[in-house]
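Using my numbering, you'd call the opening residue of the sequence shown number 1 and step up by one each time.
Just so it is clear, CB atoms sit at the ideal spot from N, CA and C, and this is done for glycine as well.
First the structure, in the form of structure tokens, and then the observations on it.
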Amino acid sequence: MPNNIQLFKNYIDLLDTVYKQASLTAVLDSDTSLLQMTANGKEFLIPKMEMDGLGEYSRTNGYPMGSVTLDFETKAPNFDRARVFQVDKMDDIETAKIAFGRLASEFIRTKAVPEIDATRFATYCAKGTPVVSAALATGEAWLKAISTAVAAMDDAEVPAEGRILYITPTGLRAIQDLDTTKSREVLASFTAIVKVPQARFYTAIKSLSGKTGEEKGGFEKATTGKELNFQIVHPSALMQVAKDIVNKIVDPEANQDGDWWKFFFHLYGINEVYENKKAGIYSHSKA
């Protein structure tokens, strides 16, 4: 049985790849070398740097002395979701491996990842600059709204290189159908353009507990939420970290509840916008 457990653990490592391939926001994951954990391992330490601006040079005294302060702000995880699965014991380990592989990868692609993405989009709406709302009925209206957003970010000195445009398929098609020099120039100004299904693209969502027989978990649009048209993100504005994809297996011999393999999915992490970089998020919703 220990050999079987090891085989499953080796397979579980591949699920992180499934997450990265399926998630639309995984590309925004932060460099974890900048991140520290508290001693209890339950909170994140977010680095914050402050420094003085330019001063007047003196031919007598030379350079004015400046100061740099690097502090760490303690933040609790704002995403902490889990689920446990069980698969009947099977005679052949390869058969069980296939069953688990289909179960786990399908769950990540169709249940976990849409909620992770939806949570992040909604969180960045709340923590970034105020959401702009308007009805966009034509390709010209979509193009103008995005051009206005780009200009606002330019004025706020958000780096032009690295911006990512998240947009509904409807909006992107409306702009592409214009097929004008201006539309091509606007779209070309982004490092990446990512189509987001409307079902995971809201200004606010409600996470369901999944603890009752009637409620199967997952998420839904919050009563105060609106459908997003697009969101422009510069990754430098974010501290986005996902921890622990699947972290525990119980084999049938050790399972006291039944003759099943049990697989535990747990993901917790943090989705934060730096206080001094809110302009790096621009969100536009339906009116």
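Could you check how far apart the C-beta atoms of residue i and residue j are, in whole angstroms? I think they sit under 8 Å.
i	j	result
Val196	Leu24	6 Å
Ile270	Tyr124	That pair is no contact at about 12 Å.
Ile190	Leu208	Per the sequence presented here, residue 190 reads as Phe, with Ile not at that position. With a Cβ gap of about 33 Å, Phe190 and Leu208 do not count as contacting.
Val194	Ile146	Contact flag wrong, Cβ pair sits at about 14 Å.
Gly128	Lys221	Rounded, the Cβ-Cβ distance is 19 Å, inconsistent with contact.
Met239	Tyr274	7 Å
Phe265	Ala26	Between Ala26 and Phe265 the Cβ distance is about 16 Å, and since that is not below 8 Å, they are no contact.
Which partner residues of residue i appear in the DSSP bridge assignment?
i	result
Asn271	Gln240
Tyr202	Glu227
Pro47	Phe72
Lys248	Phe264
Tyr166	Val194, Gln231
Gln86	Lys262
Asp80	Tyr268
Gly62	Ser58
Ser291	No answer is possible for residue 291: it lies beyond the span of the chain, which begins at 1 and ends at 287.
Ser67	Looking at the DSSP assignment, Ser67 forms no beta bridge with any residue, so it has no partner.
Suppose you measure from the CA of residue i to the CA of residue j; what does that come to, to the nearest Å?
i	j	result
Ile205	Leu54	43 Å
Lys262	Phe44	29 Å
Lys243	Ala22	16 Å
Ala287	Phe85	40 Å
Phe107	Ala82	12 Å
Thr69	Pro114	38 Å
Val158	Leu15	34 Å
Asp259	Glu50	57 Å
Pro169	His284	15 Å
Lys305	Leu28	Residue 305 is absent from the structure shown; the chain starts at 1 and stops at 287.
Arg102	Asn255	21 Å
Gly162	Phe79	25 Å
Ile46	Thr180	43 Å
Lys20	Ile249	22 Å
Ala141	Ala192	21 Å
Please report the residue range of the beta strand (DSSP E) in which residue i lies.
i	result
Tyr124	Per DSSP, Tyr124 belongs to no beta strand (DSSP E); it is in the alpha helix (DSSP H), 113-127.
Lys221	219-221
Ile108	First-last for Ile108: undefined, no H or E at that position.
Ser285	281-285
What residue range does the alpha helix (DSSP H) around residue i cover?
i	result
Lys144	139-155
Asp16	15-22
Arg184	181-188
Contact the region 194-204 vs the region 223-236: 3+ CB pairs below 8 Å: yes
Stretch-stretch touch, CB-based, cutoff 8 Å, three pairs: the region 48-60 with the region 150-163: no
contact_flag[the region 170-189, the region 124-135] where n(CB pairs < 8 Å) is 3 or more: no
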